[in-house]
Amino acid sequence: MATSASLDRKIFADRIGRIEVSATMAVAAEAAKLRAQGVQLTDFGAGEPHFPTPRHIKDAAIAAIEANFTRYTVVPGIPELRKAIVERHACDFGSDYGIDETIFTTGEKLALFNAIQILIEHGDEVILPVPYWVSFKDIIQYAGGKVVYLETDEAESFRITADAIEAAITPKTKAIILNSPSNPAGNIVSEEDLERIVRVAHERGIYLILDECYVYLNYESKPVSAGKFAWAKEHMIVLGSLSKTYAMTGWRAGYALGPKSIIANLSKLQSQSTSNATSFVQKGAIAALAGSQECVNEFRAEFKGLRDYIIAKLKEIPGVTCTVPAGAFYVYPNMSAYIGKSGIQSATELATRLLHEAHVVAVPGEAFGTPHHIRLSYPVTRETIDEGVRRMKQFLLNL
Numbered sequence: 049m050a051t052s053a054s055l056d057r058k059i060f061a062d063r064i065g066r067i068e069v070s071a072t073m074a075v076a077a078e079a080a081k082l083r084a085q086g087v088q089l090t091d092f093g094a095g096e097p098h099f100p101t102p103r104h105i106k107d108a109a110i111a112a113i114e115a116n117f118t119r120y121t122v123v124p125g126i127p128e129l130r131k132a133i134v135e136r137h138a139c140d141f142g143s144d145y146g147i148d149e150t151i152f153t154t155g156e157k158l159a160l161f162n163a164i165q166i167l168i169e170h171g172d173e174v175i176l177p178v179p180y181w182v183s184f185k186d187i188i189q190y191a192g193g194k195v196v197y198l199e200t201d202e203a204e205s206f207r208i209t210a211d212a213i214e215a216a217i218t219p220k221t222k223a224i225i226l227n228s229p230s231n232p233a234g235n236i237v238s239e240e241d242l243e244r245i246v247r248v249a250h251e252r253g254i255y256l257i258l259d260e261c262y263v264y265l266n267y268e269s270k271p272v273s274a275g276k277f278a279w280a281k282e283h284m285i286v287l288g289s290l291s292k293t294y295a296m297t298g299w300r301a302g303y304a305l306g307p308k309s310i311i312a313n314l315s316k317l318q319s320q321s322t323s324n325a326t327s328f329v330q331k332g333a334i335a336a337l338a339g340s341q342e343c344v345n346e347f348r349a350e351f352k353g354l355r356d357y358i359i360a361k362l363k364e365i366p367g368v369t370c371t372v373p374a375g376a377f378y379v380y381p382n383m384s385a386y387i388g389k390s391g392i393q394s395a396t397e398l399a400t401r402l403l404h405e406a407h408v409v410a411v412p413g414e415a416f417g418t419p420h421h422i423r424l425s426y427p428v429t430r431e432t433i434d435e436g437v438r439r440m441k442q443f444l445l446n447l
């Protein structure tokens, strides 16, 4: 008699077995179950701003709906939107892309997924610094690629160097992924290292996939994009998101910038999956990109203040250490002092017990490639930080 496992192998394609459910989405689903039971949670799980989408962006989308701009558009996005994307990027970072060198997608994650699908063959190696955003590993593996993990040193704030990248390159290296500022640790690739990495990749014909989701949330220096190195455009794909920058997470608004051949193939693949992104979202995106950027400055200032606040609070918990993130809006505390106590053998077990016993939502570090950390997303009120850290401290000290 066939087992359920053997039946699964017959029914499902091998590629679906190469990936797992997104850890952040799994945590959110478990938290939702507890909320439905009436449990009052302090939620550091979701990676999204706590601000409402700015009024002028909402008004633009509402006006588009009222004007019946609700039909299909061309797959890569309407020309006005693509023009707004390249002009905003050029203004802020000194890049030089045309409207046929960009595509608008239903969230940056789709741009990333499609970029990996069109570039990576079975056996191709992709260099991925650790810790990494949860989806990078799975998307590479889904395409049949081999993840080459690049370990970083927590004592050096998880710094990614050009020397380390170059040492990891092999004849099978097809791509390098950089996420700066990073999710989960908030580390930033220095401008000097970034230029050297771009040069090394370009000279060796390796594609550099640049996740700029948090590029505007740089608290230590002026934001920098590798897109400004126009001489290496042939081997770069810049991925951008409006989600964090403009508090538009649910709008699913992202884009890619790259050479015409890359964008044409991204558009081809998108034409056979989602087709165009939502029409009236495109109008809202134009308002975000072409309108006042004061909201971006306001958000960044508030996030920086919240970063400093939660770091100070975490220092009140004995044994918990945490690097100070230079960007993004997460802290990534090391919980080694408590793993091994009261039967807790991993960060996953710790996060599970924090959720069910302390009613604090956190994402375990295994999802990001490290076994002794948890990720806390801090775009919440200061009162929420106070309560959440108080609950964590009480739980941990009672282990």
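Mapped onto the working numbering, the consecutive letters of the sequence shown carry residue numbers 49 to 447. Each residue gets a CB set at the ideal place from its N, CA and C atoms; glycine is no exception.
- Residue 102 sits in coil when the DSSP states are folded into three classes, being neither helix nor strand.
- For the set 218, 180, 217, 187, the Cα lying nearest the Cα of residue 200 is the one of 180.
- A direct Cα-to-Cα measurement between residue 157 and residue 379 gives close to 22 Å.
- The three-state secondary structure of residue 284, taken from DSSP, is strand.
- If you draw a straight line from the Cα of residue 278 to the Cα of residue 144, it comes to about 7 Å.
- Under the three-state reduction of DSSP, residue 67 is assigned to coil, being neither helix nor strand.
- In the structure shown, residue 157 falls within a helical segment according to DSSP collapsed to helix, strand and coil.
- Between residue 226 and residue 256, the CB-CB gap stays under 8 Å.
- Cα atoms of residue 418 and residue 117: separation of roughly 46 Å, rounded to the nearest angstrom.
- The straight-line gap separating the alpha-carbon atoms of residue 223 and residue 173 is approximately 7 Å.
- Taking C-beta atoms as the reference points, residue 91 and residue 411 fail to come closer than 8 Å.
- Annotation for residue 87: 407 place their beta carbon closer than 7 Å to its own, counting only its chain and skipping 5 residues before and after.
- Minimum Cα-Cα distance from residue 361 among the listed residues 295, 440, 391 corresponds to 440.
- Our two residues, residue 220 and residue 428, have alpha carbons roughly 43 Å apart in a direct line.
- In this structure residue 337 is in contact with residue 133, their Cβ atoms being roughly 6 Å apart against a cut-off of 8 Å.
- In the structure shown, residue 81 adopts helical secondary structure according to DSSP, grouped into three states.
- Boundaries of the alpha helix (DSSP H) around residue 344: 342-362.
- Taken through DSSP and simplified to helix, strand or coil, residue 137 comes out as helix.
- If you check the CB distance, residue 395 and residue 413 come in under 8 Å.
- In this structure, the alpha-carbon of residue 399 lies about 14 Å from that of residue 82.
- Put simply, the backbone Cα of residue 207 is about 11 Å away from that of residue 371.
- In this structure, residue 320 keeps its C-beta atom at 8 Å or more from the C-beta atom of residue 125.
- The closest CA to that of residue 254, considering only 233, 391, 333, 213, is found on 213.
- Around the beta carbon of residue 218, a 10 Å sphere encloses fewer than 16 other beta carbons of the protein chains shown; the residue is thus reported as exposed.
- The DSSP-derived three-state label of residue 211 is helix.
- Of the candidates 204, 447, 215, 166, 204 places its Cα closest to the Cα of residue 237.
- Residue 376 and residue 263 have their C-alpha atoms some 8 Å from each other.
- By the Cβ-count criterion, residue 136 is buried, with 16 or more other Cβ atoms from all chains shown falling within 10 Å of its own Cβ.
- Residue pairing by DSSP places residue 409 opposite 91 in a beta bridge.
- Residue 375 is bridged by DSSP to 266.
- The three-state secondary structure of residue 425, taken from DSSP, is strand.
- In terms of Cβ geometry, residue 294 and residue 150 do not form a close pair [threshold 8 Å].
- Nearest to residue 243 by alpha-carbon distance, out of 307, 140, 272, 230, is 272.
- Scanning its chain for C-beta atoms nearer than 7 Å, with the 5 sequence neighbours on each side dropped, one finds around residue 165 the residues 191, 317, in chain order.
- Taking residue 154 as reference, the option from 353, 357, 304, 349 with the minimal CA-CA separation is 304.
- With a beta-carbon spacing of about 5 Å, residue 333 and residue 301 fall inside the 8 Å limit used to define contacts.
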